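All letters in the sequence shown, in the order written, are residues 1 to 297 by full-length UniProt numbering.
From the three backbone atoms N, C-alpha and C, an ideal C-beta is built for every residue, glycine too.
Note that the structure is a prediction, hence the values are computed from the model and not measured.
Input: a single structure, listed below in structure tokens.
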Amino acid sequence: MAFEGLTERLQKAFSGLRRKGKVSESDVRDAMREIRLALLEADVNFNVVKDFVKTVRTKAVGKEVLDSLTPSQQIIKIVHDELVKVMGESAVPLNTAPHIPTIIMMVGLQGAGKTTTAGKLASRLIKQEKARPLMIAADVYRPAAVDQLVTIGQQLSVPVFEMGTDHDPVEIVRQGLAQAEANKNDYVIIDTAGRLEIDEQLMNELSRIQELAHPNEILLVVDAMTGQVATQVAEGFNKQLDLTGVVLTKLDGDTRGGAALSIRAVTGKPIKFVGQGEKLDQLDIFYPDRMADRILG
Ligand code: GDP
Numbered sequence: 001m002a003f004e005g006l007t008e009r010l011q012k013a014f015s016g017l018r019r020k021g022k023v024s025e026s027d028v029r030d031a032m033r034e035i036r037l038a039l040l041e042a043d044v045n046f047n048v049v050k051d052f053v054k055t056v057r058t059k060a061v062g063k064e065v066l067d068s069l070t071p072s073q074q075i076i077k078i079v080h081d082e083l084v085k086v087m088g089e090s091a092v093p094l095n096t097a098p099h100i101p102t103i104i105m106m107v108g109l110q111g112a113g114k115t116t117t118a119g120k121l122a123s124r125l126i127k128q129e130k131a132r133p134l135m136i137a138a139d140v141y142r143p144a145a146v147d148q149l150v151t152i153g154q155q156l157s158v159p160v161f162e163m164g165t166d167h168d169p170v171e172i173v174r175q176g177l178a179q180a181e182a183n184k185n186d187y188v189i190i191d192t193a194g195r196l197e198i199d200e201q202l203m204n205e206l207s208r209i210q211e212l213a214h215p216n217e218i219l220l221v222v223d224a225m226t227g228q229v230a231t232q233v234a235e236g237f238n239k240q241l242d243l244t245g246v247v248l249t250k251l252d253g254d255t256r257g258g259a260a261l262s263i264r265a266v267t268g269k270p271i272k273f274v275g276q277g278e279k280l281d282q283l284d285i286f287y288p289d290r291m292a293d294r295i296l297g
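This is how it looks when you write it as structure tokens:
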């Protein structure tokens, strides 16, 4: 289950506080030490942990908290509110274009769930807005990726523009956009190539697609299971592309929480969606407060 270890550790820290009727500064210090370790073990970015613990400690040792009738409850609330803050306060909706089509570009490393998420997003837009999306298969390095997107398109009755794997992805995107224009599609979702790691050629190609398409959204898809690595990947992509948001996939797995708690704070980019399964309807809006509730258990 996601966040299991983190939830357990945090609850342990809180139960230490709850046992005391009166909470002293040194009790808070002990609890903070445990919270710090819990976050580090959950693979949260070191600087994020440092700032988090410092903020919570400063607020928790305030006179109005320690002298109150319910200090432990108040400290739990402080932790909750800081978790929400570190994840971005509130849900951030998709950007839309003033004139159709809204162009959404999916980027990320191979295996993160980019192609699946492209389909999930199309499915969501159809359900929520009766949208008429077109998907463009611009991942030409993994032959199966084109077939995979075509199959997803068939399942959803969404047209997929593809030119196989022998063309320049930028040209594929150019022609795909022309087709969307002609067919008056309201959304275009571009599936781009991933690599096992960030490399210059991949980034150049993605930059060229960005320049051509001027997407309203450039969504980075990262695998939540990879913790700090997901955060580093997000930093890397964010340096080269005008990312507008992040999709965290595989939150149905036993992810520790590091990615969810670090990415916003490190990159400044909001997590917009979370993937919670392999099926095409398993994409949810990311609500920081609900995620904090889930983490606290
Ligand atoms: P891409 O290489 O980034 O395009 O990745 P794919 O879309 O091909 O996904 C890689 C694998 O991850 C596939 O087996 C997907 O079914 C799986 N996957 C994607 N998103 C999720 C998710 O939210 N939860 C789970 N459990 N699996 C996912």
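Output the distance between the C-alpha atoms of residue i and residue j, rounded to the nearest integer angstrom.
i      : j      : result
Thr255 : Ala230 : 12 Å
Lys54  : Ala193 : 40 Å
Val44  : Ser157 : 40 Å
Arg33  : Lys20  : 17 Å
Asp223 : Glu64  : 41 Å
Glu211 : Glu205 : 10 Å
Gln155 : Lys59  : 51 Å
Leu39  : Leu94  : 29 Å
Val170 : Ala2   : 38 Å
Gln179 : Ser15  : 60 Å
Arg294 : Leu37  : 19 Å
Gln201 : Arg208 : 11 Å
Lys239 : Val233 : 10 Å
Glu41  : Leu125 : 37 Å
Lys12  : Lys85  : 22 Å
Met135 : Gly253 : 27 Å
Glu162 : Pro101 : 18 Å
Asp168 : Phe52  : 45 Å
Thr7   : Asp81  : 15 Å
Check whether the Cβ atoms of residue i and residue j lie closer than 8 Å to each other.
i           : j      : result
Arg142      : Gln175 : no
Ile189      : Leu121 : yes
Leu251      : Gln276 : yes
Leu219      : Met106 : yes
Gly119      : Ile76  : no
Gly236      : Ile198 : yes
Ala145      : Val160 : no
Thr96       : Val221 : no
Val56       : Ile78  : yes
residue 302 : Ile35  : The chain is shown from 1 up to 297; residue 302 falls before or after that span and cannot be answered.
Ala260      : Leu248 : yes
Gln133      : Tyr187 : The displayed chain sequence assigns Pro, not Gln, to residue 133. Contact flag set, yes.
Arg18       : Ser90  : no
Pro215      : Ile104 : yes
Val173      : Ala213 : yes
Once DSSP output is grouped into helix, strand and coil, what is the label at residue i?
i      : result
Pro159 : coil
Glu217 : strand
Leu69  : coil
Ala97  : coil
Pro270 : coil
Ala112 : coil
Met203 : helix
Gly164 : coil
Thr255 : coil
Met135 : strand
Gly245 : strand
Met32  : helix
Ile198 : coil
Gly277 : coil
Asp27  : helix
Met105 : strand
Val53  : helix
Asp186 : coil
Asp81  : helix
Asp43  : coil
Take the Cβ of residue i as the centre, count every other Cβ of all protein chains shown within 10 Å, and call the residue buried at 16 or more, exposed below.
i      : result
Ser262 : buried
Leu283 : buried
Leu196 : exposed
Ser123 : buried
Asp139 : buried
Lys272 : buried
Gly258 : buried
Glu217 : buried
Lys114 : buried
Leu69  : exposed
Phe46  : exposed
Pro288 : buried
Met87  : buried
Gln185 : Looking at the sequence itself, residue 185 is Asn, so the reference to Gln does not match. It is buried - the Cβ of Asn185 has at least 16 other Cβ atoms within 10 Å.
Asp27  : buried
Gly227 : buried
Gln74  : buried
Ala182 : exposed
Gly108 : buried
Is the Cβ of residue i closer than 8 Å to any Cβ of chain C?
i     : result
Thr55 : Although the question refers to chain C, the structure presented lacks it and comprises just one protein chain.
Are there any heavy atoms of the ligand PLP lying less than 7 Å away from the beta-carbon of residue i, as far as the coordinates show?
i      : result
Ala122 : With respect to the ligand PLP, the structure offers nothing, as its ligand set consists of the ligand GDP.
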